[in-house]
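Encoded as structure tokens, the structure appears first; notes follow it.
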Amino acid sequence: MTIQVQTMAEANAAGKEVDVLFWVGCAGSFDARAQRVTQTMAEILSRSNISFAILGNEEMCTGDPARRAGNEFLFQMLAVQNIQTLNLYGVKKIITACPHCFNTLKNEYPELGGHYEVVHHTQYLLQLMNEGRLKVEGGSFSGKKITYHDSCYLGRINDEYTAPRELIAALDADLTEMKRCKTKGLCCGAGGAQMFKEDEPGKKRINTERAEEILTTGASTVVANCPFCITMLTDGIKSFDKQDDVMVVDISEMILQSMEK
Amino acid sequence: MQQILFLCLFSMTSILAFRKFRQIYLTIRLGKPVSATESPSARWKKMALVAFGQQKMFTNWGPALFHLFIYLAFLFTQIELIEIIVDGVTGNHRIFLPYLGRIYTLLINFIEVLSLLALLATLIFLIRRNVLKTPRVSAIELRGWPAKDANIILFGEILLVAGIFTMNSADVQLQILDPVHYHDTGTLWLSSWLSADLWQNSSINELTVVERTGWWLHLPYSKHLHVFLAFPNVYFSKFTPRGQIRNMPEITREVKSMLGLEAETTAAELAEIGEFGAKDIFDLSWQNLLNAFSCTECGRCTAVCPAHQTGKKLSPRKIMMSIRDRAEEVQKNTSAPLIPLGQNSGESTKIPKEPYDDGKSLFDYISREEIHACTTCNACVEACPILIDPLEPILQMRRYEILTESAGPADWLPMFTSMENSGCVWQMPAERDSWRTSVGT
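Chains as they are written, first to last, in the working numbering: chain A, 1 to 261; chain B, 1 to 441.
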């Protein structure tokens, strides 16, 4: 059964009120792996009876990589246009599965006139679970050794370390922390627009360094909360030829697997 | 006679210290004006916790504990220091003793125990730097003066501790030999023990000299600048969300006028803007410069930097050190050089402050390779015990490169172009919502 996902424009035309806007982001829209996370989130939201919509083609990059590369002009061009769109639809609450979008929408748009309640999908899923709107069955991950990778933009930059861990705990998985976790979590190497350029000369790539640490935990699954981390960690693990032994998943994918039918 | 000498020395030290502080203050003020005074009560609280309370040091217990010994010894010695100054000026000896009585004995004993612990910490720090060569404190960027500076400070601390014990143990001996002038301080455990061994057979004159030497040794040398600057640095630290990069309102005006949202920017306004980002210290904020002068070069930032950990050239500590080096160079060039006595004044090499131009910039100190390697992960920001933000100057230099020079990594150009043309980081022919057709399948 295909699930219908509406855009704000469609909802507006049909005269429907929407509670939350699901901000998909560039990776979630176009990157094949991240698209699967987007679809997962859309399915979870639908099955939890959340009234939501996306912006579709009216959505643009939040501008995060432009701002961090130093291109303030481009960042503000995108930000101001996005804010116009969001304000036009009277958006109050935004959820997103990308911590970079999350950070920019939450912390950088207010100064340019965009004031919204912005929630990262790990926080939102936990909230739904606590409210009883999202029901998961423990068990499918019990005894499975997994590790969790803190993204910089959710963890260190926005101080959210507990929501993803509480979700993991709810799935009865056996969480093995890496040495560099929480405030000391090691970057995957993608932030600050590094995703879009070659590395400067060095001994190794940052994602290789992180993959090494993941492999030392002996976990068969590494849980992430960011599409760019997922790309970086997947590549890092591949560089050790361990892609068949260690899976890189978004936390929402574990939730969907465990949802009560 | 000794009082006059003391007053001279004391006032000379004060003048020198004042001049040095004024110079640093003026150099910091070369930075751009920014406001960092909102929510003062929260700032005081943060200063109490982070600067006074050493809160962030304790994410790493080992060094934190040893640093605490030195910190507490320094803090409590200030009480004795006040007494020494009062003694020196008034010609008294241990003037607080009659007022405090047994508390005085306890206090001095406490200071002595702390001093011994500080000595232990200092020795461990010296070993770490010079024998074990712990990476964080023996990195490339510390070669030359910074490494020497650290060792001098540590040796200075040994001298200070030695000064305290010399003074007190000589005093103990003098209390026995000349109880009229040297009042009974009660038993000073450590000094009494030292006293018996060291001064058993000394004559009273020699002892007086030794005691006074210890006394002078104990004077307030301005050592680590961070001892003072950590406090204002924490007070004036960034209070906006960590993930919020400082906005450029001049660009907001231009963008809004381009999108027809606000009155158009006039040509005069545009001309006023000039350059974007930071090419030199004048383009950084005074906060950034205060950060640079407060940096103790401990390297916690560099140790956690993902770029540095994987062998890239970037080191947040080196960024801060470079900013300070450049600021000091500008400061030196803009103030008149001191002409040695007996020489003709000749031509002044002083460079005017506005517009300042010595043919150099921050880019002569910080390479592009360094600023390009940053992932903006904020590990350095998190790691700094005194809330220095190495990220902002890196971003300001990136802004200069991209906005003013239209330069920067070539790899970023396709990203910029597609963001401009299609509002997406990748050049994508497909629709943004093509994933919609197969949800739930």
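Positions of the beta carbon are idealized from the N, C-alpha and C atoms, including for glycine.
7 Å Cβ cutoff, residue i in contact with chain A
{"i": "B:I339", "result": "Any reading at B:I339 is ruled out, since the residue's pLDDT is 48, under 50, leaving its predicted position unreliable."}
{"i": "B:P306", "result": "yes"}
{"i": "B:I15", "result": "no"}
{"i": "B:H372", "result": "yes"}
{"i": "B:M47", "result": "no"}
{"i": "B:W435", "result": "yes"}
{"i": "B:V255", "result": "yes"}
{"i": "B:P390", "result": "no"}
{"i": "B:R19", "result": "no"}
{"i": "B:R432", "result": "yes"}
{"i": "B:T213", "result": "Note that B:T213 scores a pLDDT of 46, beneath 50, so its modelled location is shaky; the value from the coordinates is reported in the next line. No, B:T213 does not count as interfacial toward chain A."}
Alpha-carbon to alpha-carbon, residue j and residue i
{"i": "A:E131", "j": "A:S48", "result": "11 Å"}
{"i": "A:V18", "j": "A:N103", "result": "23 Å"}
{"i": "B:F239", "j": "B:L142", "result": "30 Å"}
{"i": "B:E420", "j": "A:S258", "result": "41 Å"}
{"i": "B:S11", "j": "B:P355", "result": "37 Å"}
{"i": "B:H181", "j": "B:Q175", "result": "8 Å"}
{"i": "A:L256", "j": "A:I157", "result": "27 Å"}
{"i": "B:P232", "j": "B:H67", "result": "20 Å"}
{"i": "B:D357", "j": "B:F282", "result": "11 Å"}
{"i": "A:V249", "j": "B:T404", "result": "41 Å"}
{"i": "A:V80", "j": "B:K20", "result": "47 Å"}
{"i": "A:K93", "j": "A:P164", "result": "20 Å"}
{"i": "A:Y89", "j": "A:F228", "result": "28 Å"}
{"i": "B:A118", "j": "B:L126", "result": "12 Å"}
{"i": "B:Y365", "j": "B:G31", "result": "17 Å"}
{"i": "B:G62", "j": "B:I124", "result": "11 Å"}
{"i": "B:Q427", "j": "B:V131", "result": "54 Å"}
{"i": "B:L261", "j": "B:F276", "result": "22 Å"}
{"i": "A:T96", "j": "A:E43", "result": "14 Å"}
{"i": "B:S14", "j": "A:C61", "result": "57 Å"}
{"i": "A:G70", "j": "B:L75", "result": "43 Å"}
{"i": "B:N247", "j": "B:A379", "result": "21 Å"}
{"i": "B:D178", "j": "B:I4", "result": "24 Å"}
Integer-rounded CB distance, given that residue j should sit under 8 Å from residue i
{"i": "B:A121", "j": "B:I70", "result": "5 Å"}
{"i": "A:L21", "j": "A:L55", "result": "7 Å"}
{"i": "B:E112", "j": "B:I164", "result": "7 Å"}
{"i": "A:I146", "j": "A:D172", "result": "At roughly 11 Å, the Cβ-Cβ gap does not stay under 8 Å, so A:I146 and A:D172 are not in contact."}
{"i": "B:T77", "j": "B:G186", "result": "About 18 Å separates the two Cβ atoms, so there is no contact after all."}
{"i": "A:T2", "j": "B:V439", "result": "6 Å"}
{"i": "B:M397", "j": "B:A278", "result": "5 Å"}
Beta-carbon neighbours of residue i, restricted to chain C and to distances below 8 Å
{"i": "B:S438", "result": "Absence of chain C from the displayed structure is noted, the protein chains being A and B."}
C-beta neighbour in chain B for residue i, strict 7 Å
{"i": "A:S29", "result": "yes"}
{"i": "A:N207", "result": "no"}
{"i": "A:T183", "result": "yes"}
{"i": "A:F52", "result": "no"}
{"i": "A:G114", "result": "no"}
{"i": "A:S133", "result": "Looking at the sequence itself, residue 133 of chain A is Arg, so the reference to Ser does not match. A:R133 does not count as touching chain B."}
{"i": "A:K204", "result": "yes"}
{"i": "A:V248", "result": "no"}
{"i": "A:V20", "result": "no"}
{"i": "A:Q127", "result": "no"}
{"i": "A:A42", "result": "yes"}
Candidates the options: closest to residue i by CA position
{"i": "B:L448", "options": "B:L107, B:L68, B:L65 and B:H67", "result": "Chain B is shown from 1 up to 441; residue 448 of chain B falls before or after that span and cannot be answered."}
{"i": "B:M57", "options": "B:M258, B:C298 and B:D87", "result": "B:C298"}
{"i": "A:R180", "options": "A:L167, A:E111, A:I214 and A:V136", "result": "A:I214"}
{"i": "B:A383", "options": "B:A407, B:E401, B:P306 and B:L116", "result": "B:P306"}
{"i": "B:R129", "options": "B:L154, B:L117 and B:L119", "result": "B:L154"}
{"i": "A:L86", "options": "A:A9, A:G138 and A:D199", "result": "A:A9"}
{"i": "B:W251", "options": "A:E111, A:V91 and A:A32", "result": "For clarity, residue 251 of chain B is Ile in the given sequence; the question names Trp instead. Here the closest residue by C-alpha is A:E111."}
{"i": "B:L97", "options": "B:L114, B:I79 and B:V89", "result": "B:I79"}
{"i": "A:C26", "options": "A:E72, A:C101 and A:D150", "result": "A:C101"}
{"i": "B:S41", "options": "B:Y235, B:S294, B:L284 and B:R22", "result": "B:Y235"}
{"i": "B:T310", "options": "A:T162, A:D245 and A:T208", "result": "A:T208"}
- Message: Any C-beta of chain A within less than 7 Å: which residues of the stretch 405 to 426 of chain B qualify?
- Response: G408, P409, D411, W412, M415, F416, M419, E420, G423, C424, V425 and W426
- When Cβ atoms are compared, which residues of the stretch 306 to 328 of chain B fall closer than 8 Å to chain A? In summary, the residues of the stretch 306 to 328 of chain B whose CB is separated from some CB of chain A by less than 8 Å are P306, A307, Q309, T310, G311, K312, K313 and L314, in the order they occur in the chain.
- Residues of the stretch 186 to 197 of chain A with Cβ closer than 9 Å to any Cβ of chain B, in chain order: Residues passing the 9 Å Cβ filter: L186, C187, C188, G189, A190, G191, G192, A193, Q194, M195, F196 and K197.
- Message: Using a Cβ-Cβ cutoff of 9 Å, what residues of the stretch 157 to 173 of chain A are near chain B? List them in chain order.
- Response: I157, N158 and D159
- chain B contacts from the stretch 60 to 81 of chain A (Cβ-Cβ distance under 8 Å): Per Cβ criterion, the list reads M60, C61, G63, P65, A66, R67, R68, A69, G70, N71, E72, F73, L74, Q76, M77, L78, V80 and Q81.
- Item | Within 7 Å of chain A by C-beta, residues of the stretch 231 to 260 of chain B in sequence order | P241, R242, G243, Q244, I245, N247, M248, I251, T252, V255, K256 and L259
- For the stretch 353 to 381 of chain B, which residues have a CB atom closer than 9 Å to at least one CB atom of chain A, in sequence order? E369, E370, I371, H372, A373, C374, T375, T376, C377, N378, A379 and V381
- Going along the stretch 391 to 403 of chain B in order, which residues come within less than 7 Å of chain A, judged by CB to CB distance? L395, R398, R399, E401, I402 and L403
- Message: Tell me which residues of the stretch 96 to 108 of chain A have at least one Cβ-Cβ distance to chain B shorter than 7 Å, keeping chain order.
- Response: N103, N107 and E108
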